[in-house]
Amino acid sequence: MEQARKSIMVTWDFSAVSENALKHGIKLANIVKNDILLYHIAADEEEKATASTKLEAEVKRIREAYKIEANFVVEVGKIFDEISDFASNEDNNIHMVVMGTHGIKGNQKFFGSWALKVIVGSAVPFIVVQDAPSGDDRYSNVVFPLDFRSENKEKLQWAIFMGKYLNSKIHLFKAAINDKDLHKKMNVNLNFAIRFLIQNNIEYEIHSGKKLSNLQKEVLAFSKEISADMILITTTKHITSMNYIFGAKEQYLIANEERIPVMCVNPKSNFAKVGQFMYG
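Just add 754 to the spot in the sequence shown (first one is 1) and you have my numbering.
Laid out in structure tokens, this is it:
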């Protein structure tokens, strides 16, 4: 039996930011030969009916303008539950999710926390965007922050994916670490990453941070310096309510002031076994 085509899921609220997310989704879908799925959350059944009518028109527009297969889903519920659950359901064949944000400003200063609540728990990666993609047909430079955590290996499969399918150059950015044991663990992660990048003929460079406890700020500054197209991060493995209140480290990058797209991979993401992208 023929396997159903996967979809790039785009969270949709009829805003300009949603349109930016859609353009990223279309760029990705054209490269990896996926469909587009617009996903909208409604407050009640009445709103669902209204949104469905609007989305029918949006899907028609997308098919005609971009010559790509597009569909939509509207569900009643809460964004913190429904988006991740739908994306993670293997029956829905979601490849990844593209989600737009207005960034952190004014009363949205806690958006990073808001986005993290949506993203955490998803079995597929989320790409959080603020602006439309560049006119380039690839994501040329991807920054890969690297420290001592074992989760670094889990996002490596997506670095391989980007190198193979998006023709990306991977910039491995090492954290500044004084502790000898932690530094040794980081070097193990670095060597692991290098080995698989080489085996897959992925172009890469190694860069080193200089300031202790400032990895996120250094990553963002470096990303700006090289005009990075994306930053690839893992979410906090055991996130708690305190992380939402005081801020998990990745929140600084998710809605960053440089408006650089960020791919967020949850620990133990089950989209694919690591080997799927790492060989052949």
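Even glycine gets a Cβ: it sits at the ideal position worked out from N, Cα and C. Every value quoted in this text rests on a predicted model; they were computed, and no experiment measured them.
Closest by C-alpha distance to residue i, when choosing among the options
i, options, result
"A877", "R903, V897, N847, A841", "A841"
"I795", "D901, V872, F902", "V872"
"N954", "G917, D933, K939", "G917"
"A886", "I762, V771, N1020", "V771"
"Q1005", "I1014, T989, E1012", "T989"
"A783", "A803, Y820, I987", "Y820"
"I790", "I948, V827, K907", "V827"
"E823", "E829, A758, F880", "A758"
"K934", "F902, H925, K965", "F902"
"M1017", "E829, E908, K787, A930", "E908"
"L792", "I980, E1012, E801, I762", "I762"
"K965", "E836, I931, N825", "I931"
Residue burial classification, residue i (beta-carbon count within 10 angstroms, cutoff 16)
i, result
"G963", "buried"
"E799", "exposed"
"S977", "buried"
"T765", "buried"
"A797", "exposed"
"E844", "exposed"
"N788", "buried"
"E812", "buried"
Beta bridge counterpart(s) of residue i as assigned by DSSP
i, result
"T804", "None; T804 has no bridge partner."
"V896", "I924, M984"
Neighbourhood of residue i by C-beta, 8 Å cutoff - its chain only, sequence neighbours within 5 removed
i, result
"A832", "A small correction: the amino acid at residue 832 is Lys; Ala does not occupy that position in the sequence shown. For K832, where only same-chain residues beyond five positions count, the Cβ hits under 8 Å are I795."
"L900", "N906, L926, F927, K928, A929, M940, N943, L944, A947"
Other residues of its chain near residue i: CB distance less than 7 Å, five sequence neighbours each side excluded
i, result
"Y754", "Because the chain in this structure spans residues 755 to 1034, residue 754 falls outside the shown range and cannot be described."
"K808", "F768"
"V883", "N774, A775, H778, V852, G854, P1015"
"I785", "Y919, L920"
"Q970", "K1003, Y1006, L1007"
"W912", "P879, L986, M1017, V1019"
Sequence-distant residues of the same chain with beta carbon closer than 6 Å to residue i, five excluded per side
i, result
"I980", "N895"
"F880", "V851, M853, I873, C1018"
Does the segment 1012-1023 come close enough to the segment 947-961 to have 3 or more Cβ pairs within less than 8 Å? No, the segment 1012-1023 does not touch the segment 947-961.
Taking 8 Å as the cut-off, does the segment 816-824 touch the segment 842-851 (at least 3 CB pairs, one atom from each stretch)? no
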